[in-house]
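Numbering-wise, the sequence shown is residues 2 to 242 according to the numbering used here. In what follows, a single structure is set out as structure tokens and then discussed.
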Amino acid sequence: MTRPEAGRTEATGAKFSLKSMQNARALSQLAVRRIASGMRPGMTHSQAHDLAMATLQKLEMERNWHPVVIRFGEDTLKTFREQSDPASVLGEQDIFFVDIGPVWEGHEGDAGDTFVTGDDPQMHACAEAARTLWHEVADRWRADRLSGQALYAWAAERAQAMGWRLNLDIKGHRVCDFPHAIYQAGRLGDFGLCPATGIWILEIQIAHPTRPFGAFYEDLLMEDEAQPDNGTAAAAELVAG
Numbered sequence: 002m003t004r005p006e007a008g009r010t011e012a013t014g015a016k017f018s019l020k021s022m023q024n025a026r027a028l029s030q031l032a033v034r035r036i037a038s039g040m041r042p043g044m045t046h047s048q049a050h051d052l053a054m055a056t057l058q059k060l061e062m063e064r065n066w067h068p069v070v071i072r073f074g075e076d077t078l079k080t081f082r083e084q085s086d087p088a089s090v091l092g093e094q095d096i097f098f099v100d101i102g103p104v105w106e107g108h109e110g111d112a113g114d115t116f117v118t119g120d121d122p123q124m125h126a127c128a129e130a131a132r133t134l135w136h137e138v139a140d141r142w143r144a145d146r147l148s149g150q151a152l153y154a155w156a157a158e159r160a161q162a163m164g165w166r167l168n169l170d171i172k173g174h175r176v177c178d179f180p181h182a183i184y185q186a187g188r189l190g191d192f193g194l195c196p197a198t199g200i201w202i203l204e205i206q207i208a209h210p211t212r213p214f215g216a217f218y219e220d221l222l223m224e225d226e227a228q229p230d231n232g233t234a235a236a237a238e239l240v241a242g
């Protein structure tokens, strides 16, 4: 891939603002934490979805650019486009993840994380491993300027070394001022150059090697790791409100 081709793949709209991307990122992360804090054993997918939508509306999102996805138990192994089992219920000893794609200030957020009900040590380890692997891959991007393809190749090797299996059907994607879909940028894991800051979502989905569950974590690749995960000033104002 040439740099001009990368320019088309990494195009943004006239209203694009890195500050607005950071704000959407912070609010998305806040929303995921709030949704997770409201989850309880016995909840159905429908109830979890209603909780997520109510949380996002309270945070004054403008719209969703992709549907809310919440997976319980074995469904944590499924990819984005697969349907969850509508009959599944969150258990007392269970694992679940939340994946949201809201829009604030005309810019696309995207955040996902995995949580555990109960004290199953392997479930807790799986959730933490997805976060750890995400940060290790992001650090390789910052330090070594690897291409998207190389990042996911390294992620697969690292996941195996950690004792997990990386799902390479999940390879990240573009975001920007809504809608990024018009650029048909493809997947991060297929991108042949070093991805630019603030417009790519790194997705990590891993599976337990023998048990039927997995974990998911995603976040915006940002050159400046100092950007706080707890939210920008706008997010803080909404919390205070």
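Note that beta-carbon positions come from the ideal geometry of N, C-alpha and C, so glycine has one too. A quick note: this is a predicted structure, and the numbers were derived from the prediction, not measured.
Its Cα nearest to that of ASP220, the residue VAL99 stands out among THR118, ALA162, PHE214 and VAL99. Assigned with DSSP and collapsed to three states, LEU189 falls in helix. Taking TRP201 as the centre and dropping the five residues before and after it, the same chain places the C-beta of GLY173, ARG175, LEU189 and LEU222 closer than 7 angstroms to its C-beta, in chain order. Looking from the CA of ALA162, the closest CA among ILE207, GLY149 and LEU147 belongs to ILE207. A contact is defined here as three or more CB-CB pairs under 8 angstroms, and the stretch 108–124 fails this definition with respect to the stretch 144–155. Of the other Cβ atoms in all chains shown, fewer than 16 fall within 10 Å of the Cβ of GLY193; this residue is therefore exposed. Distance from the CA atom of PHE116 to the CA atom of ASP76, rounded to whole angstroms, is 13 angstroms. Counted as a single uninterrupted DSSP element, the stretch harbouring PRO42 is not any beta strand (DSSP E), since DSSP gives it neither H nor E. Counting only runs of 4 or more residues that sit fully inside the stretch 51–114, no alpha helix (DSSP H) segment turns up.
A straight line joining the alpha-carbon of LEU167 with that of TRP142 spans about 18 angstroms.
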